[in-house]
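K.L.:
Offset between the sequence shown (1-based) and the working numbering: plus 52.
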Amino acid sequence: MRSSKVPVSDSEPKLSSAIQEDGFDPRYPPWSPPTKGILSKLPPSWVPYAELSRIEKPGGLYGFYMAYLIGISYGACLVTPAPSLAALAGTAGILLVYNVFLRGAACTVNDILDRDYDRQVARCRSRPVARGAVTPSQGYVWYCVQTLGAGAALACLPNPLTALAYAAPIQFLVSVYPLSKRYTDFPQLVLSAPIAGGILMAAAAVGMDPFHAPTPALAGATATLFFSHYVWTTIFDYVNACQDTADDMKAGVRSMAVRYRNTGTFIGVLGAAQVGCLVVTGVLAGFSPIYFIGAAGGNALWLAAMVKTVKRSRPDICAWWFSWGGLLVSGTTTLALLAEYIHRPPE
């Protein structure tokens, strides 16, 4: 594992001597009962479980759910006959409920398995399991409840068995992701697979099953769209991990943020790959210029902004991109695909 002996670049945050001596970081004060926001409206006994599910932090939910909106919009562009907007909205609503449960379960198991590491990371030490507000056993019960909720949501889809076939590997991978931080420098590559897999599930939910594509070209288009979101999720979680590099190194947590220190180069190289995949998707699917300008062009602009602004010395900027990047970048792709769907010639 990588340790604190690995040199930290000048662009990374350095803790003050006062923080190093007493373990207190003024950016992340000790936990206290919430006095504002959605958590303050809940009964006190519910608060730790709501915190486990991160209901007060929607950025991660955007990271999960946007893949499904992309998949729905993409499938709507290609399936015959074209689904109605009402049908797409209904599917999107069901998958939103599914993602609330899926993301909550993923965060819960992450906090259970990472509890010893979280106590050594300033940003994470106040999480419910790490601070002792929820025991691991109670956390696992909550994880199971949320997993059942996710399954119940999928049962409301027109083709629930197909959805469950995609959901099983997604659930497995998000559940074992925390363990990858112990054995590899590339946990982001593990997490990216189940999140990007939402594109495949959502496309299948509107009738465009990736494993039964009508032509090889469309199979290729779906694959490159998946890989585009896979790469984006890697960037997205890398930026999130950049907030904790110094603490992660001391705790022995491994990640791509610890291994690759030059944020601009990392985001730039992977961002170029992401945009390239979007272009290939459009070519293989026969999309109009609307898609290329909106999806490829829009993503290129957002990624250029990330290259310019993301710095380890500014964890607040990293946190902002983690909170809003999923909505902005993936939302741009979704809007481009919806425009392509609306522009679709009548049958």
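Using N, Cα and C, we set each Cβ at its ideal position, and we do this for glycine too.
Would you check if the distance between the CB atom of Asn314 and the CB atom of Ala257 is smaller than 8 Å?
P.N.:
Along the sequence shown, one-based indexing puts residue 314 at 262. Along the sequence shown, one-based indexing puts residue 257 at 205. In this structure, Ala257 does not lie closer than 8 Å to Asn314 by Cβ.
K.L.:
Between the alpha carbons of Glu73 and Pro81, how many angstroms are there, rounded?
P.N.:
Taking the first residue of the sequence shown as 1, we reach residue 73 at position 21. Taking the first residue of the sequence shown as 1, we reach residue 81 at position 29. Residue confidence for Glu73 is low, a pLDDT of 45 falling below 50, so the modelled location carries little weight; the figure read from the coordinates is stated next. Computed Cα separation, rounded: 15 Å.
K.L.:
Out of curiosity, what's the CA-to-CA distance linking Tyr192 and Ala158?
P.N.:
Start at 1 with the first residue of the sequence shown, and residue 192 comes out as number 140. Start at 1 with the first residue of the sequence shown, and residue 158 comes out as number 106. In a straight line, the C-alpha of Tyr192 is about 11 Å away from that of Ala158.
K.L.:
Identify whether Tyr169 lies in helix, strand or coil by the three-state DSSP scheme.
P.N.:
The residue given as residue 169 occupies position 117 in the sequence shown. Here Tyr169 sits in helix by DSSP.
K.L.:
Rank Tyr114, Ile146 and Leu225 by C-alpha distance to the C-alpha of Cys208 and give the top, closest one.
P.N.:
Numbered from 1 along the sequence shown, position 156 holds the residue referred to as residue 208. Per the Cα distances, Ile146.
K.L.:
Pull up the CB-CB distance for Ala128 and Tyr393, whole angstroms please, since I reckon it's below 8 Å.
P.N.:
For this step, residue 128 is matched to residue 76 along the sequence shown. For this step, residue 393 is matched to residue 341 along the sequence shown. Rounded, the Cβ-Cβ distance is 5 Å, consistent with contact.
K.L.:
Evaluate Lys88 with the Cβ neighbour count: other Cβ atoms within 10 Å of its Cβ, from every protein chain shown; 16 or more gives buried, anything less gives exposed.
P.N.:
Position 36 of the sequence shown, counted from the start, is the residue given in the question as residue 88. Burial call: exposed.
K.L.:
Less than 8 Å between the C-beta atoms of Pro230 and Leu270, yes or no?
P.N.:
By 1-based counting over the sequence shown, the position of residue 230 is 178. By 1-based counting over the sequence shown, the position of residue 270 is 218. Taking 8 Å as the Cβ cut-off, Pro230 and Leu270 do not qualify as a contacting pair.
K.L.:
For Pro216 and Leu206, I'd like the C-alpha separation in whole angstroms.
P.N.:
Sequence index remark: in the sequence shown, residue 216 carries index 164 (1-based). Sequence index remark: in the sequence shown, residue 206 carries index 154 (1-based). Note that residue 216 corresponds to Leu in the displayed sequence, not to Pro. Roughly 7 Å between the two C-alpha positions.
K.L.:
Among the candidates Phe288, Phe278 and Gly184, whose CA atom is the shortest distance from the CA of Ile122?
P.N.:
Here residue 122 refers to the residue found at position 70 of the sequence shown. Taking only the C-alpha atoms, the option nearest Ile122 is Phe278.
K.L.:
If we require 4 or more residues per run, which alpha helix (DSSP H) segments fall completely within the region 308 to 387?
P.N.:
Entirely contained in the region 308 to 387, the alpha helix (DSSP H) runs reaching 4 residues are, in chain order, 308 to 311, 315 to 337 and 350 to 361.
K.L.:
Using a 10 Å radius around the Cβ and a threshold of 16 neighbouring Cβ atoms, would you call Asp170 buried or exposed?
P.N.:
As a first step, residue 170 must be located in the sequence shown, where it is residue number 118. Label assigned to Asp170: buried.
K.L.:
Take the Cβ of Ala345 as the centre, count every other Cβ of all protein chains shown within 10 Å, and call the residue buried at 16 or more, exposed below.
P.N.:
Position 293 of the sequence shown holds residue 345. Checking the sequence, you will find Ile at residue 345 rather than Ala. Classification of Ile345: exposed, given that the 10 Å Cβ count is below 16.
K.L.:
Can you give me the Cβ contacts of Lys28 inside the same chain, cut-off strictly under 8 Å, excluding the 5 residues immediately before and after it?
P.N.:
The displayed coordinates of the chain run from 53 to 399. Any statement about residue 28 would go beyond what the structure contains.
K.L.:
With a 10 Å radius around its C-beta and 16 neighbouring C-beta atoms as the bar for buried, classify Ser84 as buried or exposed.
P.N.:
What you label residue 84 is simply residue 32 of the sequence shown in a count that begins at 1. Exposed: under 16 other Cβ atoms inside 10 Å.
K.L.:
Where are the beta strand (DSSP E) runs, 3 residues long or more, that stay fully inside the region 242 to 276, in chain order?
P.N.:
For the region 242 to 276, not a single whole beta strand (DSSP E) run of length 3 or above is found.
K.L.:
If you count every other CB in all the chains shown that lies within 10 Å of the CB of Lys93, and 16 or more means buried, which is it?
P.N.:
Translated into the one-based positions of the sequence shown, residue 93 becomes position 41. Result: exposed.
K.L.:
Between which two residues does the alpha helix (DSSP H) harbouring Arg306 extend?
P.N.:
Position 254 of the sequence shown, counted from the first residue, corresponds to residue 306. Taken as a continuous stretch (DSSP letters only), Arg306 belongs to no alpha helix (DSSP H), as it is neither H nor E.
K.L.:
Residues in its own chain within less than 6 Å of Cys329 by CB, not counting five upstream and five downstream?
P.N.:
Within the sequence shown, residue 329 is the residue found at index 277, counting from 1. Excluding positions up to five away in sequence, the list reads Thr276, Phe279 and Ser280.
K.L.:
Would you kindly work out how many angstroms separate the C-alpha atoms of Leu225 and Val186, rounded to a whole number?
P.N.:
For this step, residue 225 is matched to residue 173 along the sequence shown. For this step, residue 186 is matched to residue 134 along the sequence shown. Their backbone Cα atoms lie some 24 Å apart in a straight line.
K.L.:
From the DSSP output, in three-state form, read off Glu108 for me.
P.N.:
Locating residue 108 in the sequence shown gives position 56, where the first residue counts as 1. Glu108 falls in the coil class under three-state DSSP.
K.L.:
Please classify Pro239: is it buried, with 16 or more other beta-carbons within 10 angstroms of its beta-carbon, or exposed?
P.N.:
One-based indexing of the sequence shown puts residue 239 at position 187. Its Cβ being crowded by 16 or more others within 10 Å, Pro239 is buried.
K.L.:
Between Pro266 and Gly259, what straight-line distance do the alpha-carbon atoms span, to the nearest angstrom?
P.N.:
By 1-based counting over the sequence shown, the position of residue 266 is 214. By 1-based counting over the sequence shown, the position of residue 259 is 207. Their Cα atoms are separated by approximately 11 Å.
K.L.:
Which complete alpha helix (DSSP H) runs does the region 87 to 170 hold, if anything under 4 residues is left out?
P.N.:
Listed in chain order, they are 99 to 104, 111 to 130, 137 to 165 and 167 to 170.
K.L.:
The alpha helix (DSSP H) spanning Gln198 covers which residue range?
P.N.:
By 1-based counting over the sequence shown, the position of residue 198 is 146. Pro188 to Leu206 is the span of the alpha helix (DSSP H), which, as asked, contains Gln198.
K.L.:
Pull up the distance between the alpha-carbon of Thr361 and that of Phe318, whole angstroms please.
P.N.:
Counted from its first residue, the sequence shown places residue 361 at position 309. Counted from its first residue, the sequence shown places residue 318 at position 266. So the alpha carbons of these two residues sit roughly 13 Å apart.
K.L.:
Any contact of the region 322 to 336 with the region 348 to 360, i.e. 3+ C-beta pairs under 8 Å?
P.N.:
In short, these stretches touch, since the Cβ pair count reaches three.
K.L.:
Can you check which of these residues, Tyr343, Lys363 and Pro367, is closest to Gly383 by C-alpha distance?
P.N.:
As a working note, residue 383 is residue 331 in the sequence shown. Per the Cα distances, Tyr343.
K.L.:
Please name the residue, chosen from Ala119, Arg396, Trp98 and Trp373, that lies closest to Ser244 on a Cα-to-Cα basis.
P.N.:
Along the sequence shown, read from residue 1 onward, the residue named residue 244 stands at position 192. Per the Cα distances, Ala119.
K.L.:
Under three-state DSSP, which class holds Tyr218?
P.N.:
Start at 1 with the first residue of the sequence shown, and residue 218 comes out as number 166. The answer is helix: DSSP assigns Tyr218 an H, G or I state.
K.L.:
Leu137 and Tyr117 - do their beta-carbons sit closer together than 8 Å?
P.N.:
Here residue 117 refers to the residue found at position 65 of the sequence shown. Here residue 137 refers to the residue found at position 85 of the sequence shown. Cβ distance not < 8 Å, so Tyr117 and Leu137 don't count as in contact.
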